[in-house]
Amino acid sequence: MADVERETRANAAGESDIFSPVRLGALDLANRIVMAPMTRDRAGPEDEPTPIMVDYYRQRASAGLIVTEGTQPSPAGKGYWRTPGIHSEAQVEGWRAVADAVHGGGGRIVMQLMHTGRASVRANKHPDAETIAPSAILCPDKIPGPDGVPQETEMPRALETGEIAGVIGEYVTAARNARRAGIDGVELHCASGYLPMQFLSSNSNQRNDRYGGSVENRIRFVVETLEALAAAIGPGRVGFRICPGVTLNGMADADPHETYAALLKAVDGLGLAYVHLIHIPLPGQDALELVRANWSGPVIENCGLTLEKARAVLAEGKADAVSFGYAFIANPDLVERFRTGAALAKADRKSFYTGDGDDRRGYTDYPALGV
Ligand SMILES: Cc1cc2nc3c(=O)[nH]c(=O)nc-3n(C[C@H](O)[C@H](O)[C@H](O)COP(=O)(O)O)c2cc1C
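According to the numbering used here, the sequence shown is numbered sequentially starting from 6.
Given below as C-alpha cells:
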C-alpha cells in the first residue's frame, strides 16, 4: 500500500494536469475530475435506485470518479426523504444497474455511505427504524419532511456501548453489498453533522465510555469503522469525507484542529484510497494544510472550485484530484466542457431535491453540448 501512496504522490508532483489519469488507492481514474456526492431524493418506494437514477449517473460517467449520493447502510441510517439504501437485495440490484452504466461509459463509481444518526425526521423513515446517536441530544436544525417542508428532527436514543459494533457491522455489510453490486468502493460520510461526525464533535458526543470524552475516544467510532471497512473490502477501496469546523446540523466542536489532526493521523497508516475534504474556512489554520500536515495518502479537494482554482490546487501538488458538486448537476458533460472551454449551464435549485411531479425534471434533462 505504501508503494501505491508514493506513486500517487509522484503523480501529483509531476504529471498533475486535471485531465491526466491518477490512481487513488485501488481506484484508477481516467482524469482527476470527481463528481461530488449529491443527495437528489429520487429513489423508489423501497429506497432502491430507479431507472432514471441509472440514466443520471450514466450521463456523468466521463468524470474520473463519481461519488454517489449519500446512501444509508441501514433503515436507521435514513434521515431524509427518498434517499437510497444498500441494505436490501432490491437495492443491490438497482445499484448494479448504476455501476454497469457508469463502467460502460468508462467511469469509476464509489458509494457514499451516509448514516444520518440524529439528523433525521420521523416521517422520512420506515416506521420500525429507530433514530440513534452517540448521545440523546436533539439535532437543532430542521430537516425537510416528505413534502419538502423543514420539520423538527426526532430525539435520538443514545447507543449502548455494546451496540456500537453492530452499527459498524451494518456499514461493513453495506460496503460488501456495494461491491456485490459492482460498485468500485465506498466513501464514509464523516461530515455534515451525520452519525460519524456526531461522534467526532465534542458538543454532540457527551458519552463517558470509550467512545466519548477525550479526543482519542471521540475519534474511535470513525477509526474502527474505517478499519472494519478496509478489512472487509480492501483499504484501497475505502475513502472518507470530512469537513473540519462545519456547523451544519448543530455541530460545534471545541477544537476541530485537534480532533481532525488526531483522526487523520490515526488512519494514515491504513492505506485508504483517499480523504475527501470539503474545504471551508477554519479559524487559525487552513483545512487543506491541516490535512496535508497529518495525512500522507491521496487527497480530493472540494468546495466552490472553478476550473482555474482546481488546476492551481493540483499544480501546487496540494491535492491529487478535485471534486465538483453543483457544476455536475446541470453539466453532465462537465469534463468535456472543461476540456473545450465551453460555458457551463446553471442548475435550477428548485429541482435539486424534487422534480415537482416528474423526477426527470432538473435531473436527467440537462443536455450535453451539441445534443
Ligand atoms: C443538491 C446537493 C446535494 C448534496 N448532497 C450531499 C451528500 O449526499 N453528501 C455529501 O457529502 N455532500 C453533499 N452535498 C455537498 C457536495 O458534495 C459538495 O460538497 C458541495 O456542493 C460543494 O461543492 P461545489 O461547490 O462544487 O458544489 C450536496 C450538495 C448539493 C448541491
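Using N, Cα and C, we set each Cβ at its ideal position, and we do this for glycine too.
Rounding to the nearest angstrom, what Cα-Cα distance links Arg-225 and Ala-271 in this structure?
Whole-angstrom Cα-Cα distance: 9 Å.
Does the distance between the C-beta of Glu-74 and the nearest non-hydrogen atom of ligand 1 fall short of 8 Å?
Yes, the Cβ of Glu-74 comes within 8 Å of a heavy atom of ligand 1.
Output the distance between the C-alpha atoms of Phe-343 and Thr-311, rounded to the nearest integer angstrom.
Spanning the two alpha carbons is a distance of roughly 10 Å.
Sequence-distant residues of its chain with Cβ nearer than 8 Å to Glu-306 (five each side left out)
Leu-282, His-284, Leu-293, Ala-315, Val-318, Lys-323, Ala-324, Ala-326, Val-327, Ser-328.
Would you mind working out which of Ala-350, Lys-83, Leu-339, Gly-69 sits nearest Glu-53, comparing C-alpha positions?
Ranking Ala-350, Lys-83, Leu-339, Gly-69 by Cα distance to Glu-53 puts Lys-83 first.
Express the C-alpha separation of Tyr-265 and Pro-286 in angstroms, rounding to a whole number.
The straight-line gap from Cα to Cα measures roughly 14 Å.
Opposing strand residues paired with Ala-163 [DSSP bridges]:
Answer is Ala-138, bridged to Ala-163.
Glu-221 classed as buried or exposed, judged by whether at least 16 other C-beta atoms fall within 10 angstroms
Sixteen is the threshold: since fewer than 16 other Cβ atoms of the shown chains lie within 10 Å of the Cβ of Glu-221, the residue is exposed.
Rank Pro-261, Leu-269, Ala-267 by C-alpha distance to the C-alpha of Pro-288 and give the top, closest one.
Closest in C-alpha terms to Pro-288, from the list Pro-261, Leu-269, Ala-267, comes Pro-261.
Measuring from each Cβ to the nearest heavy atom of ligand 1, keep the ones under 7 Å and list them in chain order.
Answer in sequence order: Ala-41, Pro-42, Met-43, Thr-44, Arg-45, Glu-74, Gly-75, Gln-117, Met-119, His-194, Ala-196, Ser-197, Arg-246, Ile-283, Asn-307, Cys-308, Gly-309, Leu-310, Ser-328, Phe-329, Gly-330, Tyr-331, Ala-332, Ile-334, Phe-357, Tyr-358.
How would you write the range of the alpha helix (DSSP H) that Met-58 sits in, first residue to last?
Going by DSSP, Met-58 is part of the alpha helix (DSSP H) stretching over 56 to 64.
Beta-carbon proximity check, Ile-148 vs Thr-136, cutoff 9 Å
Going by C-beta atoms, Ile-148 is not nearer than 9 Å to Thr-136.
I'd like to know if the region 98 to 108 and the region 38 to 55 are in contact, where contact means that at least 3 CB-CB pairs between them fall below 8 Å.
Flag = yes, the region 98 to 108 and the region 38 to 55 touch.
Beta bridge counterpart(s) of Arg-246 as assigned by DSSP
In DSSP, Arg-246 forms a bridge with His-194, His-281.
Proximity below 9 Å, CB of Glu-168 to CB of Pro-78:
No, the pair does not count as a contact, with Cβ atoms beyond the cut-off.
Are the CB atoms of Ala-179 and Ile-247 within a distance shorter than 9 Å?
No, they are not a contact pair.
Candidates Tyr-368, Gly-190, Asp-363, of which the one nearest Arg-354 by Cα
Scanning Tyr-368, Gly-190, Asp-363 for the CA closest to the CA of Arg-354 turns up Tyr-368.
Can you give me the C-alpha to C-alpha distance between Asp-363 and Gly-250, rounded to a whole angstrom?
For Asp-363 and Gly-250, the gap between their C-alpha atoms comes out near 37 Å.
Do Val-280 and Gly-309 come within 9 Å of each other at the CB atom, strictly closer than that value?
For Gly-309 and Val-280, no; Cβs fall outside 9 Å.
Considering only residues of the same chain and omitting the five flanking positions on each side of Phe-357, which have a CB-CB separation below 6 Å?
Cβ neighbours of Phe-357 beyond the five flanking positions: none.
What would DSSP say about Ser-328, mapped onto helix, strand or coil?
In the structure shown, Ser-328 sits in a strand (DSSP, three-state: E or B).
Arg-11 in three-state terms, based on DSSP
A caution first: Arg-11 carries a pLDDT of 39, below 50, which makes its placement in the model too unreliable to give a value.
Name the two residues that bound the continuous alpha helix (DSSP H) containing Val-251.
Counting along the chain, Val-251 falls outside any alpha helix (DSSP H), and DSSP gives it neither H nor E.
How would you label His-131, buried or exposed, when you count the other beta carbons within 10 angstroms and need 16 or more for buried?
With fewer than 16 other Cβ atoms within 10 Å, it is exposed.
If you check the beta carbons only, do Leu-32 and Ala-278 fall under 9 Å apart?
Between Leu-32 and Ala-278, the CB-CB gap stays under 9 Å.
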